[in-house]
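Engineer:
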């Protein structure tokens, strides 16, 4: 892969993985605009960059959670978070194994993608009107988990659906966003490992791959910072407007293409 293409794809991956606008759709569109074929191996590499971004950003919380888990201390706040993340991860893990191939076939269906983006927009807009004060509990974790499972469909944003589901379940907006980011770590690692089975990682060109990973990590760190700031300022509806426009554009394109 050319270095410029790797840098562009890394930036798109890093930005859209964390902003609630569906990274899979934006990557698919970017591939088409650049006139290149998607590479499962390079996609796996880019996920390494986004995992690095969220791991570095939440390194303090992750270290505390790891210590609690190793001590089997699930009654502490950190250990309880680990347990809740496990609960929320299960639905998406099951959905990914059972329905991944089915939904992958929809990436070329712009009507389906557009409809999913509009659904994401509706969830984000509804959530933006809620003011929750709750912590994430088992009930909320289960709801968030099923929302994440729905995000296997192209056009349903993982971060958007999970943050919106948490807020609609009454969770404080900042806590909803932070839980969503932490929840991304196990499912992203799992998805990357799942894709790596059918990817020839040895064919990756080292320079462009490392450049793509670096850009994805930097862009990812910045987008996490931006989203947390916008969520804190109650501006989640901005992304709803974007998804509405993008969704309608995809639906219109499906009829005229």
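Residue numbers (the working numbering): -12 to 244.
In this text, a Cβ means the ideal position worked out from N, Cα and C, and glycines have one as well.
All of these numbers come straight from a predicted model, not from anything done at the bench.
Mark residue 64 as exposed unless 16 or more other C-beta atoms lie within 10 angstroms of its C-beta, in which case mark it buried.
Structural biologist: Burial check for residue 64: the Cβ neighbour count within 10 Å stays below 16, so the residue is exposed.
Engineer: Taking C-alpha atoms, which residue in 136, 233, 128, 102 lies nearest to residue 84?
Structural biologist: 136
Engineer: Compare the beta carbon distance of residue 223 and residue 111 with 8 Å and say whether it is the shorter of the two.
Structural biologist: yes
Engineer: Nearest chain C C-beta to residue 224 closer than 8 Å, yes or no?
Structural biologist: No chain C is present in this structure, which holds just one protein chain.
Engineer: Tell me, please, which residues DSSP counts as bridged to residue 158.
Structural biologist: 121
Engineer: With H, G and I counted as helix, E and B as strand and the rest as coil, what does DSSP make of residue 59?
Structural biologist: Correct three-state label for residue 59: coil.
Engineer: Identify the continuous alpha helix (DSSP H) that holds residue 101 and give its terminal residues.
Structural biologist: 97 to 115
Engineer: Out of 197, 236, 227, point me to the one whose CA is closest to residue -12's CA.
Structural biologist: 197
Engineer: Below 7 Å, is the gap between the Cβ of residue 166 and the nearest heavy atom of the ligand GTP?
Structural biologist: The model depicted lacks the ligand GTP and carries no ligand whatsoever.
Engineer: Nearest by alpha-carbon distance to residue -8: which of 128, 180, 199 is it?
Structural biologist: 199
Engineer: When you compare the CB positions of residue 150 and residue 7, do they come within less than 8 Å of one another, or not?
Structural biologist: yes
Engineer: Less than 8 Å between the CB atoms is what I'm expecting for residue 207 and residue 48, so what's the real figure, rounded?
Structural biologist: Rounded, the Cβ-Cβ distance is 17 Å, inconsistent with contact.
Engineer: Whose C-alpha, out of 78, 193, 191, 141, is nearest the C-alpha of residue 88?
Structural biologist: The shortest CA-to-CA distance from residue 88 to any of 78, 193, 191, 141 is the one to 141.
Engineer: Please report the distance separating the alpha-carbon of residue 100 from that of residue 178.
Structural biologist: If I take the Cα positions, the gap works out to 20 Å.
Engineer: Kindly indicate the opening and closing residues of the alpha helix (DSSP H) around residue 220.
Structural biologist: Run containing residue 220: none; DSSP gives neither H nor E here.
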